[in-house]
Structures are given as structure tokens and as C-alpha cells.
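The sequence shown runs 151 to 634 under this note's numbering. Ideal Cβ placement from N, Cα and C applies to all residues, glycine included. Some notes on the structure that comes next.
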Amino acid sequence: MPYTIVIFGASGDLTRRKLIPALYQLFRKNRLPKDCKIVGVSRSKFDDDAWRNHLLESLSDLQKQDPDKNDWSQFATRLRYFSGDIAVAEDFSNLSEFLAQLEASQPHERIFYLSTSPNLYSAAVTNLGKHGLANQAEGSRRIIVEKPFGTNLATAKSLNTSLHAVFPESQIYRIDHYLGKESVQNLLVLRFANSIFEPIWNRNYIDHVQITVAESLPVGSRSSYYNATGVLRDMFQNHLLQLLTITAMEAPARYAPNMIRDEKVKVLRAIRPMTPKTLAGSTLRGQYDGYRNESGVPNDSQTDTFAAVKLFIDNWRWTDVPFYLRSGKAMSCRTTQIVIQFRKPPHMLFSDEAKPQAEANRLVIQIQPAEGIQLHFQTKVPDAGMKLRLTDLDFSFQREFSGALPDAYQRLLLDAINGDASLFARSDEVELAWEIIDPIANFWRSPAATPVEIYPPQLWGPETATEWMRRQGREWFDVCPVLN
Ligand code: BG6
Numbered sequence: 151m152p153y154t155i156v157i158f159g160a161s162g163d164l165t166r167r168k169l170i171p172a173l174y175q176l177f178r179k180n181r182l183p184k185d186c187k188i189v190g191v192s193r194s195k196f197d198d199d200a201w202r203n204h205l206l207e208s209l210s211d212l213q214k215q216d217p218d219k220n221d222w223s224q225f226a227t228r229l230r231y232f233s234g235d236i237a238v239a240e241d242f243s244n245l246s247e248f249l250a251q252l253e254a255s256q257p258h259e260r261i262f263y264l265s266t267s268p269n270l271y272s273a274a275v276t277n278l279g280k281h282g283l284a285n286q287a288e289g290s291r292r293i294i295v296e297k298p299f300g301t302n303l304a305t306a307k308s309l310n311t312s313l314h315a316v317f318p319e320s321q322i323y324r325i326d327h328y329l330g331k332e333s334v335q336n337l338l339v340l341r342f343a344n345s346i347f348e349p350i351w352n353r354n355y356i357d358h359v360q361i362t363v364a365e366s367l368p369v370g371s372r373s374s375y376y377n378a379t380g381v382l383r384d385m386f387q388n389h390l391l392q393l394l395t396i397t398a399m400e401a402p403a404r405y406a407p408n409m410i411r412d413e414k415v416k417v418l419r420a421i422r423p424m425t426p427k428t429l430a431g432s433t434l435r436g437q438y439d440g441y442r443n444e445s446g447v448p449n450d451s452q453t454d455t456f457a458a459v460k461l462f463i464d465n466w467r468w469t470d471v472p473f474y475l476r477s478g479k480a481m482s483c484r485t486t487q488i489v490i491q492f493r494k495p496p497h498m499l500f501s502d503e504a505k506p507q508a509e510a511n512r513l514v515i516q517i518q519p520a521e522g523i524q525l526h527f528q529t530k531v532p533d534a535g536m537k538l539r540l541t542d543l544d545f546s547f548q549r550e551f552s553g554a555l556p557d558a559y560q561r562l563l564l565d566a567i568n569g570d571a572s573l574f575a576r577s578d579e580v581e582l583a584w585e586i587i588d589p590i591a592n593f594w595r596s597p598a599a600t601p602v603e604i605y606p607p608q609l610w611g612p613e614t615a616t617e618w619m620r621r622q623g624r625e626w627f628d629v630c631p632v633l634n
């Protein structure tokens, strides 16, 4: 059946930098449905050609070269622009007519992509329903919702209520672009398509897990969004908790959307709730020096640009294995990595010295950049008695497979077009994630919390985070990506 993709927020950054480039690449790979129209909606006064030119310019900038003329001109014929305001109900009836004309009153499947300011999501969904744009009887109607999905549990629930009033859950695709990354999907493959890891993937062999998403860039031009959000809500509620669930979940019986999501939900449900005492001892936050000089940031801002959180998953597989999650801006380098730190051997044969925990086996899953996997293990140093050294075996995507890895949005858009929600978050998943994050955010705003700690940029966050780990007999794996 022919297809129409309607993007709300068509003049925005995400559309220009991610959505259109992804759709363009899918078109070039011949993966878009044959008859697939792409309609951009926003308040800006573009016409079709002006919008196309705006997108072409940014595609050329991103690729650092003009796209192939022939490909682009064929792709551009699919792009149409509708100038309208999400807050104005009447514009939806005009949009409905516009779509009916464009689709020549033939049945089409439709996807609506909400990429506007999040405070407009509910209004947009309600208007889609009111004006008959989401009528499933006329062909499948799906909606993709960009993050952030709410700002806390209450707002996420209310957004879910608005969505469910118009779309069945099976037609709602909540984006977390981390799930579209090849290396994140590969984690599922590593765990569930190999038999050697699963037997040791538990509390009997694993001392702890570290999940780090470090970014070297400061907040920059996004400060008005960021200052009201902070790293905990910007990164933990979604990306870090998604990485945690994939690392910790049980194998689903089949690779099917609800089976995968059921397993992820079970992990979130098993996360030990924090008490006032554990909140103080298991969470810490920082702010990089200079953040308050970013334009638009108040000079007494307490917003967290770094956070570290220790979580426990109370089930048979993971009881008492800490999961350390941390993320920050203005850190040493850009790296997203999951470190599985194994236990030390029960008895050290080769040395009297007690080796620190960090010297035990370690599996580093490098999500980005330099995507790959490294297994660290002890080796005998030649010609040095029985001296040991930690060395590694590694796998790098770049070395093993040719070509650059596709951007996450390509996979996610294609899955949504094909009706596969495996890599999208379900309503209960999003709400449970907020149930974990809300108490931390509330605690940090309470008088019991210590003021945010200032850390020097371009290092690994506040010194206290390092000391905190050491007090627990552990070390952060503070290594920038080395695989190539
Ligand atoms: C976004 C956050 O969701 O993820 C940004 O809002 C962050 O603050 C970005 O920079 C990181 O994504 P990636 O894919 O570059 O790791």
C-alpha cells in the first residue's frame, strides 16, 4: 500500500540533521516503500521548493559534499511542505484536506512523526484524532514520538493517556535512538546468539557492571532545554536505562516486539527502589566548570551535567551485583561503553600480591565510537618469571565489516514503516523508567541534597565520583575508545 510520512516540526534541527538524511539513505538503498510521500509540517513559511532547498543545504553540510544530483532530485519529488500550527485546530482540518488531495483519496498507510517541542505533543495527538487523521479504518495509522517522553512520571502518564485516546498502543512508537544503534542491537546478538557468554552472565561470575555515556562537548546552544532538564532526565531515563535493560534482561522466547519488551520491563520492575538513605549514598551529580557561563544559564544553576547512579536488580540473576550508570557533558572524550567486570579468580596461584578487582577479566562493549568488543584477560609476560599482565582480544566493526555504520534513525524509521516495534519503548517501560528517575531528581532538589559539585571539564567528572568507586573497592574504566 502507498505510504505517507508526516513530520511535525519540519523546520527543526532533528528533521534536518537526522530524519531527512535517514529517509534519503533509505531511499538510496531502495528500502522505502515505492510510493512514499514525505510531508513536512511546521509554522515556517516555506513552500515545497524552499523546504527542499533547506534540507538539501543541510544534507550537503552533513555529508561534506553535495548528494548525487540524480538521487536527490528523485527523492525531492517525494517531499511536500504544509505550513501549519500544531496549536491551531483549524490547521488540522486543512492538513487533512491537503493529505486527501496528495493521496488522491486512495488508501494510504500513514506515519505521523512528532518532532516538535514536546509541550505540543498532546495537542497534536488530540487534534489528529479530532480531525479524523488517525482513523485506522482508512489504513494503518502509526505515530512516532520523539524524546523526551514527559519530564516525570506524571507528565509521561498524561502523555500516554492522550496517545491512547487516539492510537492503540501497538501503533505508538516511542523513540529512543540508542536502540537503533547497530552496536546496541549487537549486544542482543552477543548475548543470545552465542552460548559461551550466557552461563557466566550472572552474579556468580560478575562483580559489577558499568555503563558510561561520556560526551566531550559542553551543552552549547541547547542550554534553555538542558538547564530545565539535566543529565539525569536527558540521558538516564531513556538511553542509560535502555542499555541497562538490554544488558540485564532474560532471553525472550522469540525476537518479537512484546516478548522483548516484556523482558525489559521485568528488569525495570526488579530494580531495587531507593530509600532516603540509599539516595544519598548511591547517587552523585556534578556540573562542569563554565556551565554557568553558557548563554541563558543562570549563574546559580544547580543543573546536573554529570551524574553517577548505583542500581541493584533484585532477581536470581543479579542480586547484589551493582550496576553503575554514569553520564556527563564536557568529559574526557566521547565514549559509550558497557563494562562487564568479572570477579577475581577464587584463588591466585601466581602472585602473592592481591590483585585489585580491576585486574580481573573484563568485557568492554564499546557502543560508540570505534564500535566493537574487547575481552581483557591475564597473560604471562614472556621472560619475566610468572609476571602477569592484562591483555585483550578485540573485535571491531570497522575492521570486520566494510562501510560506515548506518545512523540509528535509518533502522528505526524503517522498522516503524514496517510495523516492527521491537526497538521502541512501550508505555509501561517508559513509566517504570520514570519511577526510577523521579525519586533521584526529587532528592537532588530537596534540602537533604548537597549542592552540585563543580568538576573540571575534559576529565572524567567530579573527583568524588572516583573516590566513591574506590571506597567500594572498584575503579571506573576511564579509557577513551581505542579500537579501530
Ligand atoms: C540525546 C540527548 O538524546 O542524546 C543529548 O538529548 C545527547 O543531550 C545525545 O547529546 C547523545 O546521543 P549520541 O547518539 O550522540 O550518543
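From A458 to Y405, what distance separates their C-alpha atoms?
-> 32 Å
List in chain order: all unbroken beta strand (DSSP E) runs of 3+ residues lying wholly within the region 365-401.
-> none
Going straight from the alpha carbon of E207 to that of D218, what length do you get?
-> 13 Å
Would you identify the three-state DSSP class for K505, choosing helix, strand or coil?
-> coil
Taking Cβ positions, are M424 and P589 nearer each other than 7 Å?
-> yes
Assumed close pair P472, H358 - CB separation to whole angstroms, cut-off 8 Å | 5 Å
Within 6 Å: the Cβ of D542 and any heavy atom of ligand 1?
-> no
For T600, which of Q487, I523, W626, Q452 has the nearest alpha-carbon?
-> Q452
What residues in its chain sit with their C-beta under 7 Å from that of Y271, if we drop five residues either side in the sequence?
-> L264, V295, L309
Is the beta carbon of D470 less than 7 Å from the beta carbon of R422?
-> no
Strand pairing of V191, partner residues [DSSP] | F158, F232
CB E585 to CB L394, shorter than 7 Å?
-> no
Coarse secondary structure for H358, derived from DSSP in three states = strand
A558 vs K331 beta-carbon contact at 7 Å = yes
Which residues in the same chain as D198 place their Cβ atom closer than 6 Å to its Cβ, once the five residues preceding and following it in sequence are excluded?
-> R230, Y231
Determine the direct distance from the alpha carbon of V316 to that of D450, and round the result to whole angstroms.
-> 42 Å
Which same chain residues, not among the five before or five after F177, have their C-beta less than 7 Å away from its C-beta?
-> F225
Own chain partners of Q491 with C-beta closer than 6 Å, once the 5 adjacent residues on each side are dropped | D357, H358, R512
Q487 beta carbon less than 7 Å from that of A172 = no
From L429 to Q392, what distance separates their C-alpha atoms?
-> 21 Å
Is D384 near ligand 1, with its Cβ less than 6 Å from a heavy atom?
-> yes
In terms of DSSP beta bridges, what is K479 paired with?
-> In the DSSP output, where bridge partners are listed per residue, K479 has none listed.
Three or more C-beta pairs below 8 Å linking the region 617-626 and the region 406-413 | no
Alpha-carbon spacing of R442 relative to G282, whole angstroms = 46 Å
Quick one: what does DSSP say K460 is sitting in, helix, strand or coil?
-> strand
Give, in chain order, every unbroken run of the alpha helix (DSSP H) that is at least 4 residues long and sits entirely within the region 530-605.
-> 547-550, 558-567, 577-595
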